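Remarks on the structure that follows.
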Amino acid sequence: MSEVRRWRFGTFALWEGDQRLERDGQPVRLGSRAIGLLIALVGRAGEVIGKDELLAAVWPDVVVDEASVRVHMSILRKALGSPGAQDGCLEWIANIPLRGYRFLGRVHGELVQIAGVAPSIHASQGGTSAALPARFSRLVGRDVELERLLAMLAASRLVTVAGAGGVGKTSVAICVAARYRDLWGAQVRFVDLAPLTSQDHVPTTMARAIGVRGGMPDIEQAMVQSLEGEATLLLVDNCEHVIERLSPLLDRFLAALPRLKILATSREVLRVGGEHVFRLMPLAVHSDRPSSLAHALRSPAVRLLVERAEAAGASAFDDASSGPLTRICHQVDGIPLAIELVAARLGAQPASDLAFRLDDHMRLHSTAGRAVLARHRTLAATLDWSIGLLSDPELLLFRRLSVFRAFFDIEAALSVAANALDPDVASDALLGLASKSLVVYDADQAAHSPYRLLDTTRSYAHVLLVRAGERDSVAKSHALFMLDLMGIATADLAALDADAWTQRYRGYLDDVRAALDSCMDHHEDMTIPGALTVASAPLWFRMSEVSEYRDRVRAALDHVDAQKVPDRLTAGRLEIALYNALWHTGGTVPDMTQACERALACALEFKVKTLEFQARWGLCALNITRGAYAPALGHAEILSEFARHSTSAVTRNLSHRMLALASHFCGAFAEARVHAEAAADVDDATRYNHANAFQPDARTTALAILARTLWIQGDSRLAMDTAIRCMDEAEALGHTLSVCVALFWICPMAVWAGERSAARAWIDVMLQETRSKGFAYWHAWALCYDDALKLVEVDDPGAHIDAVAPRVLGMDEPRREMMVTFCDAWLDDDLVDRAMRGEGQWSAAEVFRAAGRRLEQQGNAVEAETFYLRARALAGAQGARAWELRAAEALDGLCAGADQR
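Numbers 20 to 920, taken from this note's numbering, label the letters of the sequence shown in order.
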C-alpha cells in the first residue's frame, strides 16, 4: 500500500502525486502543466496566487512568459466546465486583474491508501505493423488510373506513382493498395516517409511499419525475415527526399523476398532495378464549353470540385454554374489539392464570383513566375490565393502550425500561438483553417490528435513562418509543448497498457526529433532541449529507437559542453540518460561508468538527491557487472539510507532490490534473502510505476534473486518452487528483458540441482530470446549456461571441457566465477588470487574447492586439504549450505583416498 494526497471539489478528484484529475471516477485528459496549475490553485483554495508564483511552481526549469499561464488556464477552465448549483461558486477559477488567479470552489483534502492496478506496462516485444490509413473522402475521377496501376502491379514487383505535389499520389496509391489486398488477399504494410527529416531514420521507420522491433543488430535482415514467406504489398509513401537511403533497401527487399511487391509514391523515380513508373497527371478538364451541369460533370476535375464544394456547405449547382465551375478547374490545372482548396470557398461565394477573382490572381502569379513549371506555379498560386483570404489570426496560426511534423490537437495548436492570440481566437482560427481545407481534420484520429497539414501545405506554411521571422520563437513554443506532452506520456505509462500507450504516442516521435533539431540548431540555451531529451526517453525506448536516442543524448551533451558557461545540472541529467541508453545498446562498462560518475558528481555539487539516487543505482549495477561487488554494496547501502527517509514506495523497493543483488554477490546470503523477500512483496502501484517501465520487472527480479539465494543456502525445494513461480510470472508479462533477467538467475540453479529438463527448457528460451532481440550481454550468459549443461548431455564430456576451457579464459571475472561452479577444470589462477583477496565472495568457496581438486589431482594432498577446509569454513560462515556440502564431500573423498593408500 502507498499513501497519496487527493483533493475533492464538486464531482472532481485531483490526485496530487500522480498528477491525475478525475470527474465522477473517469479520467480527465489534461497536460502536466495544466494539472500543475490546478494543484497549485486547489492546494491554496481561496488565496490569490500571482502569475510569477505559478510560473515558478509549474515551469521551474525553463524560461517562459505569462502567456503560457493564460493558455493553460484557458484549457483548464474548459476542462472543468461550470460548477453545479451545490458547489458554492459561479466559476471554479477567477482571474484577479493585476494580481493573479484564485480557486473559488469548496475543497476537501485527504490522504488515501492505494494498492494500485496492474496494467501491462512493459513494451510489446513484436512491433505492430502499420495498416492502410482510412480515407475520409471518396476518390473521384481516377478509375482509369486505378485499373492501370492494378495491372502494372500484377505484372511488376515495383511500381512508382510519380507526379508533382498535390496531384493526389497518396490518395490513388492507398486506393490501389486496398483494391490489391481485396483482390489477392495480400498483406499490406503502409510506410509514410513524409515526416522524416533525415535519411538515417528510413530503416527504423520502415521497421515500425512492417512490425519489426527497432534496435536489432541487423534491422534490415530482421525486416526481411519478418516479410519472408508472406505475399505482401509494401506501400511506401512520399519517397522523394530520402531516395538515397531508401533505394538500396528496397533493392535488397526485392532480391530477398520473391513474394513481395512494392508500390511507391514520389516526385522522383527511385532508380531501382525493375522499377516501373506510372506518371500521375492532374484530373482531366474538357476543353469545350459545357452546355449544362451534366455536361460539365463529365470532367473528373469538375466532379471533384462539386463534390467537395457540396461537402463544404455549398448550395446545389445548376446549369448556369457549369461554365464558372469548368473555368475554375482550368485555372487550377485540374490539380486535386488546388481543387480542394478552392472548393472550400464555394460554401460562401458564388462560382461565378470565385472564378472571376481566381482568374485575376492566377494571371498576376503566372506573370511573376514564368520560370517555374506550370503545375508547380499553379499550386503555389492557389495556395497564395487561399492565404490571401485568411483573417490575420488564421494566417498567423497557419504558418505556426508548420512546426508540427505529424498530427496535432487543439491544445498543441494553442501552444504555438499562445503569445499572440487569445485561446478562443486561436480555437476559432483552427476551425476556420479546417473549413478552408488548409488543415486536414481526420475523424479516425479525433480521440487524440485529429489535425494535420499535408506535406505540400506544410512546406508552404513553413516558408511563411521563416519570412515572418518567427521560426526560432515558434520552435521554442513547439519544444515546450513537446516537453509537456512527454510528461503526460510518462504519467500514462502506469495508466495504459503497452499497445494503447504506443498507439497514442507513437506519432509524436517525428515532432520530438524536429523539436530537438530546431532547438539545438538555433538556441544557445540548452535547458529546454536537455529537458526534452531526458523527458522523451520513454517514447524512444517504446519505439525501439534507443540507438538514435543514445546518439541524440551524446549530441546534447556536446552542445552543453560547447557553451561558454556549461549547464552542469542539465549535463548531469543527460549523463544518466546516456547511461540508460548505453545499457540497452551494448555500451561498454567504462563508458557507462563514466556517465554515472559524472552524473553523481553533478548531483553532489547541486545537492539533487533524485539524481544522486539514479547515479548510485547505475554505479551499483555496473559494479556488479564488472565484478566489483564491495563497491556495489557501498552504493546500495547509501541508496538504502536515502530510501529510509523517502516516502516513495518505488524508491524503497528499488533499494531492497539493490541490497539483495549486492549482498548476494558479496556472499551475504542471509541479508540477500531478507532484501529479496522484501522486494518481492511489492504492490502493483509500485511495480508498474513509470520509474520501473524500462527496467526488468521489480517482482520477478526479486523472486529470481531469491530463488538462487535459497538454493545456495541449501533450501533446494523452496528454491525450485520460487524459480518456477518467477518464470511463470515473467512469461505472463510478455516482457523479454524480465524473462532474460529471471533466466540469468535461475538457469544455473537448475544446472547445479541436476534438474536437466527444466535447465534445458530455460536455457533454450534464453538463447532464443536473447538472440532474436539482440541482447548481446544476456546472450553471452546463455551460452555459458548452455556449455555447462552440455557437460551431462554430450557423449565425451572430457572433449567438451577441453573445447570450452580456452573460451572460459577469455571471459570476464563474473562469468569465470560462474563457470567454475559447473566444472572444476575451468578454474584459473586469477580466480584463486581474487578469492584470496576477499573478492568474488559469492562463489569463493567453490573457487577454493576447485583449487583443492586441482591440487589433489596433482598429488598434493596437504595443500588440497587446506583449500577444502577453507572452502568449507567460508561456506559455513556465509550460510551457503550447498557450497558447504560440496566442500565437505570433497574433503571426505580426500580422506577416503588417503585411508586406501
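Ideal Cβ positions, reconstructed from N, Cα and C, are used throughout, including at glycine. Quick caveat, the model's predicted, so the values are computed rather than measured.
Check                                                                                                                                                                                     : Outcome
Could you check whether the segment 161-178 touches the segment 330-344, counting it as contact only if at least three pairs of C-beta atoms, one from each stretch, sit closer than 8 Å? : no
Just to confirm my understanding: we take Leu810, look at its own chain, exclude 5 residues before and 5 after, and list those with CB closer than 8 Å. What are they?                    : Pro816, His819, Ile820, Phe841 and Cys842
Less than 8 Å separating the beta-carbons of Ala906 and Ala915?                                                                                                                           : no
How would you call Lys583, buried or exposed, if buried means at least 16 neighbouring beta carbons within 10 angstroms?                                                                  : exposed
By the DSSP assignment, the beta strand (DSSP E) with Asn114 in it spans what residues?                                                                                                   : Ile112 to Ile115
State whether the segment 585-594 contacts the segment 559-571, with contact taken as three or more CB pairs (one from each stretch) at a distance under 8 Å.                             : no
Might you give, ordered along the chain, the residues of its own chain that have their beta carbon closer than 7 Å to the beta carbon of Val935, omitting 5 neighbours on each side?      : Residue coverage of the chain in this structure runs from 20 to 920, which leaves residue 935 outside it and unanswerable.
Could you tell me the alpha carbon to alpha carbon distance between Arg382 and Val351, rounded to whole angstroms?                                                                        : The pLDDT assigned to Arg382 is 49, lower than 50, so where the model puts this residue is not dependable, and the model offers no usable value.
Under a Cβ-count criterion, where at least 16 other Cβ atoms within 10 Å of its own Cβ denotes burial, should Glu865 be classed as buried or exposed?                                     : buried
Since Thr789 contacts Cys759 with CB under 8 Å, what's their CB separation in whole angstroms?                                                                                            : 6 Å
Sorted by chain position, which residues of the same chain lie with C-beta nearer than 7 Å to Met768's C-beta, five sequence neighbours on each side aside?                               : Ala726, Arg727, Trp730, Ala738 and Ala742
Does the segment 195-205 come close enough to the segment 488-503 that 3 or more CB-CB pairs lie under 8 Å?                                                                               : no
Distance check for Arg25 and Trp34, CA to CA, integer angstroms please.                                                                                                                   : 5 Å
Tell me which same chain residues have a C-beta within less than 6 Å of the C-beta of Ala749, skipping the five on either side of it?                                                     : Thr719, Ser757, Val758 and Ala761
With 16 as the cutoff for other CB atoms within 10 Å, does Ala335 come out buried or exposed?                                                                                             : exposed
Ala550 and Tyr524 - do their beta-carbons sit closer together than 8 Å?                                                                                                                   : no
Among residues of its own chain, excluding the 5 on either side of Thr521, which ones have a beta-carbon nearer than 6 Å to its beta-carbon?                                              : Arg561
Can you tell me where the beta strand (DSSP E) holding Pro46 begins and where it ends?                                                                                                    : Gln45 to Val47
Flag this pair as yes or no: are the beta carbons of Ala620 and Leu630 separated by less than 8 Å?                                                                                        : no
Taking the alpha carbon of Thr30 as the reference point, which residue from Ala75, Arg834 and Ser101 has its own alpha carbon closest?                                                    : Ser101
Can you tell me the Cα-Cα spacing of Arg157 and His578, whole angstroms?                                                                                                                  : 49 Å
Can you find the residues in the same chain that come closer than 6 Å, C-beta to C-beta, to Val531, ignoring five residues on each side of it along the sequence?                         : Met501 and Ser555
DSSP on His160, reduced to helix/strand/coil?                                                                                                                                             : Per the sequence shown, the amino acid found at residue 160 is Gly instead of His. Gly160 falls in the coil class under three-state DSSP.
From the DSSP output, in three-state form, read off Gly793 for me.                                                                                                                        : coil
Verify whether the separation of the beta carbon atoms of Ile281 and Leu177 is less than 8 Å.                                                                                             : yes
Spell out the partners DSSP gives Ala32 in its beta bridges.                                                                                                                              : Arg27 and Glu41
Using DSSP with H/G/I as helix, E/B as strand and the rest coil, what is Arg208?                                                                                                          : strand
Determine, using beta-carbon pairs with one atom in the segment 108-124 and one in the segment 52-69, whether at least three such pairs fall under 8 Å.                                   : yes
Bridge partners of Asp256, per DSSP?                                                                                                                                                      : Asp211
Evaluate His664 with the Cβ neighbour count: other Cβ atoms within 10 Å of its Cβ, from every protein chain shown; 16 or more gives buried, anything less gives exposed.                  : exposed
Between the alpha carbons of Leu130 and Gly36, how many angstroms are there, rounded?                                                                                                     : 11 Å
Less than 8 Å between C-beta atoms, sequence neighbours within five positions excluded: which residues of the same chain meet that for Gln897?                                            : Gly686, Ala687, Phe688, Gln860 and Ala864
Closer than 7 Å by C-beta to Ala655: which residues in its own chain qualify, once you throw out the five before and the five after it? Chain order, please.                              : Cys639, Met677, Leu678 and Ala681
If we ignore side chains and look at the alpha-carbon of each, how far apart do Thr224 and Ala596 end up?                                                                                 : 23 Å
Among Gly44, Arg424, Arg317 and Lys455, which one has its Cα closest to the Cα of Arg477?                                                                                                 : Arg424
Taking the CB atoms as reference points, tell me whether Met838 and Val851 lie closer together than 8 Å.                                                                                  : no
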